[in-house]
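Read left to right, the sequence shown gives residues 1 to 112 (the numbering used here).
Glycine included, C-beta positions come from ideal geometry on N, C-alpha and C.
Nothing here was measured: the structure is a model prediction, and the numbers come from that model.
All remarks here apply to the structure that follows.
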Amino acid sequence: MNGIGWFQVGVSDAAVARRFYGELFGWTFGGDGAYQMITTPDERSVMGGLAVGQPGHAIFYVVVEDVPGVCERVEAAGGKVLVPPTQTEDGPVFASITDPEGNHFGIFKPRG
């Protein structure tokens, strides 16, 4: 727990992003909807997602055991919760937060 387990890149144009990251880094993409899976060529790397139709951003997600509990500790430590704990349809729970300097990142607990 508490290691980086996911990354996300928000883009307005999926085709441009797929071409850019694919040509630059050899990343491959799964799906064609609003959230597309990213796989890197390094088998030790974490996977990620391309969030299509969202404002440009690139963030990392830290794997935690207790998303609501970490959100409480974030606010107690001077950070902010931007998106409260949310469960996805396939099981993981995530939240978007900032540190006291305003740096945006996420936390999540995998399903199961």
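Using only alpha-carbon positions, find the residue among the options that is nearest to residue i.
{"i": "I4", "options": "G78, G33, G48", "result": "G48"}
{"i": "G78", "options": "P100, G31, Q8", "result": "P100"}
{"i": "E75", "options": "T88, S96, S45, Q87", "result": "S96"}
{"i": "Q87", "options": "A34, Q36, G112", "result": "G112"}
{"i": "L82", "options": "F94, G33, T39", "result": "F94"}
{"i": "G91", "options": "P110, Q54, V67", "result": "P110"}
{"i": "I38", "options": "S12, P68, T98, R18", "result": "R18"}
{"i": "L50", "options": "V16, D42, P85, T98", "result": "V16"}
{"i": "E43", "options": "F20, Y35, G26", "result": "G26"}
{"i": "W6", "options": "V67, V46, G69", "result": "V46"}
{"i": "T28", "options": "A34, P55, P41", "result": "P41"}
{"i": "V11", "options": "E72, P85, G53, A34", "result": "G53"}
With a 10 Å radius around its C-beta and 16 neighbouring C-beta atoms as the bar for buried, classify residue i as buried or exposed.
{"i": "L24", "result": "exposed"}
{"i": "Y21", "result": "buried"}
Determine which residues share a DSSP beta bridge with residue i and list them.
{"i": "T88", "result": "T88 pairs with nothing; no bridge assigned."}
{"i": "G106", "result": "Y61, S96"}
{"i": "Q8", "result": "G49, I59"}
{"i": "V81", "result": "I97"}
For this session: Starting from the N-terminal side, write out each stretch of the alpha helix (DSSP H) that is 4 residues or longer and does not extend beyond the region 11 to 49.
Result: Taking only runs of at least 4 residues, the alpha helix (DSSP H) segments lying wholly in the region 11 to 49 are 14 to 25.
For this session: Spell out a yes or no on whether the region 52 to 72 and the region 97 to 106 are touching, meaning 3 or more CB-CB pairs, one atom from each, closer than 8 Å.
Result: In short, these stretches touch, since the Cβ pair count reaches three.
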